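Trainee:
In the working numbering, the protein residues as written are 18 to 164.
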C-alpha cells in the first residue's frame, strides 16, 4: 500500500471519528448515523485494499454528496440560521448557538477538511497506479480435462 493510500485511509477514519464525536454530543438520528458510519467504514477499508469501485463510491456518496451538504448545514448552523437547513436542524436536534453548536459545527468542519485531504490523496498518481495494479483481471482459463 503506497503512502498516499495509507494517508487517505487515516484521513477517512479521522473524518468519521471527528464527525461522530461532534454529532454524538446531541440527540439525533442514531440509526441513520450508524448505517452511514458503517457504510463509510467498509468502503474506506475496501478502498485501502485496492478496490477502485470503493474509491469511486466514497468519492461520489461521501466526498461529493453528504460532505458538502454537512458543510453548508454546519455553516448555517454556526451562523444561527437553522431555518435555512431544516434537515441539519433535525439531525442535530438542538437550537443553534451555544457551546454545543460550536462543537458540532467544528467537528463537521474538521470532517470536511479530512475528507478533502483524503480525496486528494486517493487520486494522486501513486494512488492511481495502486488501483490499476490491484484491479482484478478477468482471464479465461483453458478447460481442465478429466482423465
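Even for Gly, the Cβ is constructed at its ideal location relative to N, Cα and C.
These figures come from a predicted structure and were not determined experimentally.
Identify every run of the alpha helix (DSSP H) within the segment 53-77, keeping only runs that are complete inside it and at least 4 residues long; order them along the chain.
Mentor: The qualifying runs are 69-74.
Trainee: Once DSSP output is grouped into helix, strand and coil, what is the label at residue 149?
Mentor: Locating residue 149 in the chain shown gives position 132, where the first residue counts as 1. Helix at residue 149.
Trainee: Are the CB atoms of residue 144 and residue 19 within a distance shorter than 8 Å?
Mentor: Counted from its first residue, the chain shown places residue 19 at position 2. Counted from its first residue, the chain shown places residue 144 at position 127. Taking 8 Å as the Cβ cut-off, residue 19 and residue 144 qualify as a contacting pair.
Trainee: Would DSSP call residue 48 helix, strand or coil?
Mentor: Mapped onto the chain shown, residue 48 falls at position 31. Helix.
Trainee: On the DSSP letters alone, give me the boundaries of the alpha helix (DSSP H) that residue 23 sits inside.
Mentor: Here residue 23 corresponds to residue number 6 of the chain shown, with the count starting at 1. First-last of the alpha helix (DSSP H) with residue 23: 20-40.
Trainee: Report the residue from 120, 80 and 48 whose alpha carbon sits nearest the alpha carbon of residue 92.
Mentor: Residue mapping note: residue 92 aligns to position 75 of the chain shown, counting from 1. Comparing Cα-Cα distances from residue 92 to each of 120, 80 and 48, the minimum goes to 120.
Trainee: Residue 128 and residue 36: beta carbons closer than 8 Å?
Mentor: Residue numbering aside, residue 128 sits at position 111 when the chain shown is read from its first letter. Residue numbering aside, residue 36 sits at position 19 when the chain shown is read from its first letter. Their beta carbons are under 8 Å apart, which means residue 128 touches residue 36 by this criterion.
Trainee: Does the beta-carbon distance from residue 32 to residue 125 come in below 8 Å?
Mentor: Counting from one through the chain shown, the residue named residue 32 turns up at place 15. Counting from one through the chain shown, the residue named residue 125 turns up at place 108. For residue 32 and residue 125, no; Cβs fall outside 8 Å.
Trainee: So, under 8 Å CB-CB, residue 25 and residue 139 are touching, yes? Tell me the CB distance rounded to an integer number of Å.
Mentor: Against the chain shown, residue 25 aligns to sequence position 8. Against the chain shown, residue 139 aligns to sequence position 122. That belief holds up - the Cβ atoms of residue 25 and residue 139 are roughly 5 Å apart, short of 8 Å.
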